[in-house]
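Numbering (the numbering used here), first residue to last: 151 to 360.
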């Protein structure tokens with residue numbers, strides 16, 4: 151598999167709260183407690199509600215803040231105003247109406263990371279995510295580190311407000327860390343929504359703290 155620099159797919163976009171079930175158990179969100187939220191990383195004013203599209207589009211003037219997990223030993227940025235729910239073992243689920251950013255922590259696999267993705271994790275996704283279909287798998291370099299990206303489409307669970315499902319796109323990043331750890335960062339959006347810049351910032355902001 152060829153090593154690539156990170157150039158996000160411009161067709162990729164956002165969605166989630168109803169998606170939490172679509173990704174469901176496939177994204178076993180990690181770690182309750184030991185977390186610090188909301189350090190503003192952007193001097194711009196917070197966008198008004200009218201500037202945030204219900205389709206899941208993140209506005210260009212969105213304010214990003216830092217989420218820090220003491221238990222997980224990492225930090226990552228998210229859009230100010232999104233709902234933050236710490237999980238088990240240092241993980242977190244950060245959601246908006248039609249968008250999601252999820253971090254899960256696991257033990258790093260002993261063998262090749264790409265083989266772990268296709269031979270273990272993807273098999274779980276196929277059994278747990280409705281209408282799962284892989285649309286891309288590649289190795290890239292992010293912040294001078296080799297990362298595996300798995301892209302897939304699926305059908306979300308019915309939205310809690312509208313009771314409607316929709317086609318969504320997820321990009322799932324496997325980020326090796328110190329002390330035999332592996333972070334899985336999953337970014338999900340409705341199919342057709344362009345959040346490439348916001349997603350790039352989230353991915354590149356992920357930093358291991360220890």
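Using N, Cα and C, we set each Cβ at its ideal position, and we do this for glycine too. What you are looking at is a predicted structure, and each value in this text was computed from that prediction instead of being measured.
Please check the pair residue i and residue j, which I expect to be a contact at CB under 8 Å, by giving their CB distance rounded to whole angstroms.
| i | j | result |
| --- | --- | --- |
| residue 239 | residue 255 | 5 Å |
| residue 260 | residue 326 | Rounded, the Cβ-Cβ distance is 12 Å, inconsistent with contact. |
| residue 253 | residue 226 | 6 Å |
| residue 224 | residue 356 | 7 Å |
| residue 348 | residue 229 | 7 Å |
Any idea which residues DSSP pairs residue i with across the strands?
| i | result |
| --- | --- |
| residue 214 | 229 |
| residue 325 | 333 |
| residue 317 | 305 |
| residue 354 | Beta-bridge pairing links residue 354 to no other residue. |
| residue 250 | 245, 338 |
| residue 126 | Since the first residue of the chain shown is 151 and the last is 360, residue 126 is not available in this structure. |
| residue 295 | 292 |
When you compare each of the options to residue i by their alpha carbons, which one comes out closest?
| i | options | result |
| --- | --- | --- |
| residue 244 | 347, 220, 290, 352 | 352 |
| residue 237 | 222, 229, 246 | 222 |
| residue 289 | 232, 266, 329 | 266 |
| residue 336 | 312, 214, 329, 271 | 271 |
If you drop the 5 nearest sequence neighbours on each side, which residues of the same chain put their C-beta closer than 6 Å to that of residue i?
| i | result |
| --- | --- |
| residue 315 | 305, 306, 308 |
| residue 180 | A caution first: residue 180 carries a pLDDT of 40, below 50, which makes its placement in the model unreliable, though a value can still be read off. For residue 180, where only same-chain residues beyond five positions count, the Cβ hits under 6 Å are 237, 238, 239, 240, 241, 254, 255. |
| residue 235 | 243 |
Apart from the five residues on each side of it in sequence, which residues of its chain come closer than 8 Å, Cβ to Cβ, to residue i?
| i | result |
| --- | --- |
| residue 283 | 302, 303, 304 |
| residue 232 | 244, 245, 246, 249, 251 |
| residue 199 | Note that residue 199 scores a pLDDT of 39, beneath 50, so its modelled location is shaky and nothing firm can be said. |
| residue 268 | 287 |
Beta-carbon within less than 7 Å of residue i's beta-carbon, same chain only, minus the 5 sequence neighbours each way: which residues are those?
| i | result |
| --- | --- |
| residue 359 | 223, 224, 225 |
| residue 285 | 301, 302, 303 |
| residue 330 | 257, 258 |
Contact between the stretch 290-298 and the stretch 313-332 (3+ Cβ pairs under 8 Å): yes
Cβ contact check for the stretch 272-279 and the stretch 333-350: 3 or more pairs under 8 Å: no
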